[in-house]
Structures are given as C-alpha cells and as structure tokens.
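Structure, as structure tokens:
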C-alpha cells in the first residue's frame, strides 16, 4: 500500500482540501495489477488515477518513463498536463511531465523516444506509433503504470480494440506494468473491467459515490422551436440571457455545421460584445489552441463547441452546459452535463435546447431517462480483424515477429481473447502478401520469413505503415486557408463539399463568412467576405444515432392521450399529426406517401435506429427500382426513412414483405454504397489504401482512384478475400444493422398503416432537412441526367 | 450501341459507353490508358498490395468491345502498361489473351509517358499515328487539329452526386477517358484540360449510355453562381 507522502498531504491541507474516499482507495489499491475506477464527472477521477504515481515519484525518482496516460482526445492530454503541472510545481516534486499527440513537434517527439519523461500523456494513435519504432523496447522498459482515461468511451470503438492490442505489447515490453482505467458512470462496469485487464486476469473495481442528481431542464423560450431544421437559432436571445447570468457557458452542438451557424448568429445578436468563441475539430490547430488558452485564462463567457470538448475536459469555471439539439443518447447527455460545475457534491446545471419539434419529444424522453438513471448501451462483439492486421504490420515495423509469440500476446488483449489461430494466420498472410486467391505477389511480399521470424522485405515500408496507423477514418478533407502568400490556415472542409464549390460561393468557417476563390494544390483558397450571407453550410459533422432505449421511450410517449409533459407547441404539433395522418405505434408500422416539390415521397416510421433505417432505405429503393417506380434517393434518421422518386407508390405494404427484404439483403445489398463505405474504412485500417495525410496527397493527374473500384474488383474476382469477410462482418453489426430491421418486422408483424396524403405531414417535415441524402444510381438518375444534359445543351446552344 | 456520334476533321466518330472510340468508316477501335499491370507496379514500388485483378478485368472489357464490333484495327493510345516492367511481368495467360485479341487485325501501340520505348509484344509501335485527317497521340498538343489523345483521364461532375469519366470533344480534338480498371480521373474543370479544350467543348459522359453535356468549367471569379 502506498501512503500519501507528507508534502503532498500538506499541499492538500494548505488548500483546505481533503482527498475523496475513492481517491484514497485508489492509493491503497495502487499495487493491484488491473484497477478500474467508476466515478461521476467532477469526482476528481483523474487526480485519483495520478495520486499513486505522484506518491511513488515524490522522492528522487529514477529517470525514465514511469506512467503512461492515455486519453481519447488530444485536447484532454494537453488539459491534464496543465492540471497536473500546477500541483507538481507547487509541491516542488521532481517530476517531468510531457504530452505527445499528433500536434507534438517532430524534434520533441524524437527526443521523447530517446529520453522519455516520468509521465507521458498521449492518445491511442500516438501510442500505436511509438510502439511501431525499433526502440520501443527501450522507451517503455521501466514503465510501471498505464492510466486509460475515459475508458468507457474508448471501449465503444475500434480505437479501444487498438489500444488493448497496444497494452498487450506494453505488458510484454514491461512485465508487471499495472493498468488503471478511469470511467464515467456506465451501465455495466464489470464489462469495462474485463476489457481493461489482461485476459484472463481479474480487474478490481472501485466505485465512487455517484453524487447528487444534476439540475437539468429544457430551456424555456418565448418562441417555439421551428417545425423543422436544426441548429436551435430561434433560442439565441434566451441563450444570451443565460450566458449573462453565468460565469462560463459551454454550448454543445451535434454537428460542426450547426455549431458554425449558431455561433455566427449568436455573435450577431451579441450587442454587449461578450467574449464568446467557437471550438470544433475542423478548425486549424492554431485557432483551437487560441480558444483553449483563452478559456483556461477565464477570458471567455461562452464557447460554442462540438464533441471535441465532449470528454472529461476540465477548463476553469464552467457553470452551465447548454445542449443544442437532441442528445441522441442518454449516456452522452449525462457526460455533457457533467461539464458544468466541476465540484464534487454540487449538482451540475444543464439546459436542453431542442432544435425542432421532434427533438422536443426526444429531449423530454432523454431527460426522463437521465432522471431515472436509465443509461443505454449495447455490448460490442469480438475485436475486428482489420485492427488486428494493422497491429501486426505495426509490430513488423518495430522489428522481426515471432508468429507464435505474437499470437499468444494478442490473445491477452480482451477483445481478441477468443481469436483462433486460423484467423490470426489469415491476418498475418494478408500482412505478408495481400492474402489474395491469386498469388501474384510472391516477388514483392511485404513480409518475408527469415530464420523463423517475419520481417519487412523492404525496411522503407515501415514509414508507410506508420503513416497509416490509427482507426479513425474521417471523410476526405482538404485544407482551407486565406488567399495570398502565407495565407492564414482556417481549417478544413470535406473534399466532396470542396468539389461542389464554384468561385464566389460563400460558406462559414470558424464563425466568419468566407468566399471560395480557388482550389490550389489541394488547398481551398478563400477570402474574407464580411457582412455577406453564407450560401452553404460547410460540413457534415458526426451523426449520432439515437439509442434503442430512447426510441422506445419516444414511441411510448406518442401513445399518451395528451402531453402535459411537453410544451404546448409540441403537444399541438403531435395532435396535428394525429389529425392529418396518425402517430406511429410501437406494434405497427406507419407509412405515409405524399407529393412534394415535384417528386413523390414515401416515409416509413420504423424507429429502428439510423443504421437500420438506412438499410431499410436501400432495400426498399431496390425493390422500387425493380418495380419501375424510379426512386431517386433516400435519407434515413433514427426514426424514419424518407424516399423520393418520380412515381407514386400506391400499395406500399408488399414492399415490406419480410422474406423479400431478407432476400434483398443476401443477393444485392453487397453492391451498394453503404457496403462500399464500410469497405473503404477497413481498407484504410489494414493499409490497402493510404490515409490522406495532409501534404502527402497526390496532386494533379494521378488522382487517387476510388476504393469502390477495389471493392467491385474483389467482389468479382476474390469474393472470399479477408477484407471482404471483414466488410460483411462490419456491415452486419454496424452500418447495415439488419438485426434491428428483424426486430422491427417482428414487432409490427405485418401490421402496416398506409396514409396516402396530399402534402408533407408534420412528422415528416424535419426529414427534409436531414443531411446525408443517398442518391440511387438507377433508371431515375439516368432520366434526370438525360433531362439535365438536354437542358444544358440547349442553353449552351449546342443541341 | 448506346454511343454518341460526332464529327472530327470530317471523320464520323462514335464515343462508346465503355470509354472506347469507334471510327466506323475505318472499322477502327481506339482505347486509351489501359494501365495494365498497375497493381504489379504498385507492389514493386510502394509495397501496396492491391488486388491483382485489374489486368484481367481490363482485358475482359476490351475483349467484349472487340467481340461486339470486330474491328479491323485496334489502336491503344498510350499508357497501355503502367510501366515497361509491368509489361514484361504480364502472366502467360494474359499474354496469350492479348495475342488472341491481336490475331487477324492490325494492332497499333502508341506510346505514352508510362510506357515509352519498345514493347516485346506483337503489333506496331509508334510515337504517334496519322490516319486520314486524324492524328493519334498520347498527350494533346495545343495547336493540333483533328487530334485524338488520352493521358488526362478526364472526369466531369454534372450534378452534386453524378461524377463520371468522360470524353472531351471540340472542333479540333477529342480526349478519351481512361479505359483501365484501376485508373482515377482528373476533374475537367482543372487547369490543363480547361486550357486545351475550346470554349464550345462538350463532355461525353460514359455510363449505361453516353450522355453529352457542355464541358463543365470553373467559373471566373466574380460571376458567382446561384445554383449551388
């Protein structure tokens, strides 16, 4: 057991603080090999994680790495560095603390490998990179503790699988290294514990007092939310009043585009010139750092932000959190609320601002769930093989591999505990020679066997492997900067968006309106356009899916005779929907059809979650295409799928015949865009196609060909290839989610209500503003192309 | 055949949905930028192990065009191979396949920047080829007329979601899309294509059938578009 050294204890006393019980427990349990702390936000979780390290390093620490701290966010690593450096300096501890992320300079990173600090703060991706260097053994030799912060968030994604593989290597390089996980309140702490501990070792779980319930309400505004749309800009006057009433307010948005639009209008309404800033992941690093510094210095009254500030960041005096738009997921809501009032045992204060009437319902459902501590969560399956391939390649970059030893090591990572030797060998085969049925690459194998060990044929390949490490696959982006020599970088936009711009178009970037001038060397050059109206929103951000639990709550809420728990405007809206059409019921499927804007529309309210609704869209449009109904596209949300096309659907019920839907999944779904997107993500993770690192992009004529071509080729010539297997697995659990379609079909059991209407219904209206519309490349598109082409030719006098 | 007919220097030409060009009067089929052996070259040079099936796929599509049209001459407009070593590395089966397609017709290899110099394959090797009033070369030359070329792999965007490989044609020249399976494309609004094509150029989009549109242009600054 480690005691709190006197000088640390004195520092606590000097500030009138006393350690929380769970912080002392962590100290007492310091020698436990695997330890998980579950504590609410604001419970001093991070300090609890670091106290044993500070205690162990308090007197004359030996040089070398003692504790590795891993967080899901770069900003969090930088934040922890600040928060930890202050007490370390004040107590005068001889401890060196450094962070290392993608933002760390090259010279700094080199030095860190040769001469590591006592405490290194980093991200899963930077750790994977460190482990891919030949000198990883030396860097991590003396490592004593690993702290994984916000492990509940990492455990939900491939980043967590990658991290657990990295920890399996760390345990091999530094036997006896202790693992500590820090988690927010979750529905199943034991599952997180199993995820963290080396398999099959146990994990000891410490649970902190959950603290008082948060003070969380919906924002009262004089104007009701709009019928449709996102962004919550109607609420700006009331939001400004709240900002004035509080020290610092965080205003969360679900997408970057919404954050930009809101920020701009908030600024226009900000007559007093209150210091308000914007922070999101698409802004240039310089911009973000400026905002972060101003926030730490207490200079800001409000920050408009997105998920970049979502996790555990403790910046100064935030005393109010405003969530704009439905939170989609109760766990995330509870997390965000925790940003306010970072004092233990004081309730945190939050306001929800629904962006439209549907979100009012969703917000109320989420509020009730949060109050009932009804957290949502779905268990994850075993670790995916694309991440495994990447790990094998990274290990080969670090040095020759012994296949048996690596297999044994990988099986200590919980997500890969059940990995079979055959699956491992297939991944190794892919890493070595591409794993194709046609053995064309014997001459150019990437890995060759020498003396029983696998090593890189060409050592220069290591560079390419390192460049492609990581499991976060964003959309392709291009940089945006001001025109002129040395123009200031502003951030980035999606490549697809950049491609649609013509000079003179204006859009929002970092809160200002900019005007597109040109695309030069894969950088969008813009000029400032003060006072101009932005014509186009800049980018899609992350799209969250509403959890099953929340969807079910909403359906149940619809069945109430009246809605005293909802604001009048929303209750009236639902009543109107009930009058002109009907409200969806838990055990029936509502299908509406109506014309709008020259196209025929069909809406299916399946409430099956965004991914399943999207798959439903693909399956339905395919059947419509076969029936000659000329569908043109669809968009899916968590609760409905909207399809538009050239022809009206008179009898929709047969479209939902379960056997036909299942057959569609088997026979043709594999040719569609969702599968291709899934394939692309895995192809990047395994390093088949290069990640687009800024500056490394091929320019000009040799434009990269699309991964769709690789998918089509493999499907035709090598359908059982490892990457095709991975794609099918990923699609079934992730983007395709046919399981929830089956669930819905069982729930409705053929009970379909068709409402043929003459205009858009109240419930359908928000669907028209959803981003992520998916075009159908069928007969309908050919017809539109022919019409458009004919019109263009005529206008140009060429017809 | 779902193609689009147009006239260049008095010759009636047909742009085919496959991306090949058909000169009916001479029974001549023209394809450009096959880039055979692209995965082989990538493996050799960068260690990227792409699915090694693109040569198979490109030859199969070429075979289908040949079967449908029975051309008397076949002209490959350069960059037929991703590099000369890739040409040498062709498998026995693919060499036989090529030989079978070459049998009984004139076969012309115009060289490109990826495959300069002689090939060890049959057929005639040329820096460029003249026939009637037409000149066939890999890269378009500014002052040429009656010119058929490739090289740029042009693509055009018509609506936000429709981007396709295309032929570019004006009264002086036609530029072919790339025919190879693993080939990217260059947006025809970008520099070199915008400069080399005349103001009345049209883009012929390949797909289920060939669709003509005015060649999309990057609009000049100041003339802002409202239709975005």
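Protein chains in written order, with the working numbering: chain A, 920 to 1718; chain B, 14 to 241. We put the CB at the ideal spot given by N, CA and C, even for glycine. Note that this is a predicted model, so its numbers are computed, not measured.
Residue i - containing beta strand (DSSP E), residue span
i                       : result
residue 1408 of chain A : 1408-1413
residue 1170 of chain A : 1167-1171
residue 1678 of chain A : Per DSSP, residue 1678 of chain A belongs to no beta strand (DSSP E) and is neither H nor E.
residue 19 of chain B   : 17-21
residue 1470 of chain A : Segment 1467-1477 is the alpha helix (DSSP H) holding residue 1470 of chain A; no beta strand (DSSP E) there.
residue 162 of chain B  : 160-162
residue 988 of chain A  : 986-989
residue 1241 of chain A : 1237-1243
residue 228 of chain B  : Residue 228 of chain B -> no beta strand (DSSP E), and no H or E assigned at all.
residue 1428 of chain A : 1425-1428
residue 1096 of chain A : Taken as a continuous stretch (DSSP letters only), residue 1096 of chain A belongs to no beta strand (DSSP E), as it is neither H nor E.
residue 144 of chain B  : 142-144
residue 118 of chain B  : Neither: residue 118 of chain B is in no beta strand (DSSP E) and is coded neither H nor E.
Proximal chain A residues relative to residue i, where beta-carbon distance stays under 7 Å
i                      : result
residue 57 of chain B  : 1363
residue 227 of chain B : 1711, 1712, 1715, 1717
residue 221 of chain B : 1701
Interface residues of chain B facing residue i [CB-CB closer than 8 Å]
i                       : result
residue 1628 of chain A : 194, 195
residue 1637 of chain A : 64, 66
residue 1357 of chain A : 65, 66
residue 1360 of chain A : 56, 62, 65
Run of the alpha helix (DSSP H) containing residue i, from where it starts to where it stops
i                       : result
residue 46 of chain B   : Taken as a continuous stretch (DSSP letters only), residue 46 of chain B belongs to no alpha helix (DSSP H), as it is neither H nor E.
residue 947 of chain A  : 940-947
residue 1687 of chain A : Taken as a continuous stretch (DSSP letters only), residue 1687 of chain A belongs to no alpha helix (DSSP H), as it is neither H nor E.
residue 1163 of chain A : 1155-1164
residue 1214 of chain A : 1204-1215
residue 1287 of chain A : 1276-1290
Beta-carbon neighbours of residue i, restricted to chain A and to distances below 9 Å
i                      : result
residue 171 of chain B : 1704, 1707, 1708, 1711
Under 9 Å by beta carbon: chain B residues contacting residue i
i                       : result
residue 1352 of chain A : 62
residue 1444 of chain A : The contacting residues do not exist; residue 1444 of chain A stays about 11 Å from chain B at best.
residue 1427 of chain A : Neighbours of residue 1427 of chain A on chain B: none; closest Cβ ~15 Å, over 9 Å.
Member of the options whose CA lies at the smallest distance from the CA of residue i
i                       : options                        : result
residue 65 of chain B   : B/71, B/222, B/52, B/59        : B/52
residue 1673 of chain A : A/1218, A/1648, A/1573, A/1713 : A/1573
residue 982 of chain A  : A/1015, A/992, A/993           : A/1015
residue 1155 of chain A : A/1526, A/1684, A/1064, A/1221 : A/1221
residue 1160 of chain A : A/1175, A/1141, A/1171         : A/1141
residue 1083 of chain A : A/1521, A/1302, A/1531         : A/1302
residue 972 of chain A  : A/1283, A/1037, A/930          : A/1037
residue 988 of chain A  : A/967, A/1006, A/1276          : A/967
residue 1152 of chain A : A/1165, A/1164, A/1166, A/1176 : A/1176
residue 1318 of chain A : A/1207, A/1362, A/1088, A/1507 : A/1088
residue 1104 of chain A : A/934, A/1678, A/1128          : A/1128
residue 59 of chain B   : A/1376, A/953, A/1044          : A/1376
residue 1062 of chain A : A/1069, A/1095, A/1054         : A/1095
residue 945 of chain A  : A/1605, A/923, A/959           : A/923
Residue i: contacting residues in chain B (beta-carbon distance under 7 Å)
i                       : result
residue 1632 of chain A : 64, 66, 67, 70, 194
Interface partners of residue i on chain A, CB under 8 Å
i                      : result
residue 224 of chain B : 1704, 1705, 1708
Whole beta strand (DSSP E) runs in the stretch 1028-1074 of chain A with 3 or more residues, listed along the chain?
-> 1038-1041, 1064-1067
Residues, ordered as in the chain, of the stretch 45-77 of chain B that lie near chain A by beta-carbon distance below 8 Å | 52, 53, 56, 57, 59, 60, 61, 62, 63, 64, 65, 66, 67, 69, 70
Tell me the start and end of each unbroken beta strand (DSSP E) in the stretch 1487-1548 of chain A that is at least 3 residues and wholly inside, in chain order.
-> 1508-1515, 1518-1524
Scan the stretch 50-106 of chain B and note each continuous alpha helix (DSSP H) run of 4 residues or more that stays entirely inside, going in chain order.
-> 51-59, 67-82, 97-101
Give, in chain order, every residue of the stretch 1373-1385 of chain A whose Cβ lies closer than 7 Å to some Cβ of chain B.
-> 1377, 1380, 1383
Can you give, in chain order, each stretch of the alpha helix (DSSP H) that sits fully within the stretch 1294-1329 of chain A and has at least 4 residues?
-> 1304-1317, 1322-1329
Any chance you could list the alpha helix (DSSP H) runs of at least 4 consecutive residues sitting entirely within the stretch 169-219 of chain B, in chain order?
-> 204-209
Using Cβ-Cβ distances below 7 Å, what residues of the stretch 1122-1153 of chain A are close to chain B?
-> none
Kindly provide the ranges of any beta strand (DSSP E) runs that are 3 or more residues long and lie completely inside the stretch 1341-1407 of chain A, ordered along the chain.
-> 1366-1369, 1372-1375, 1396-1401
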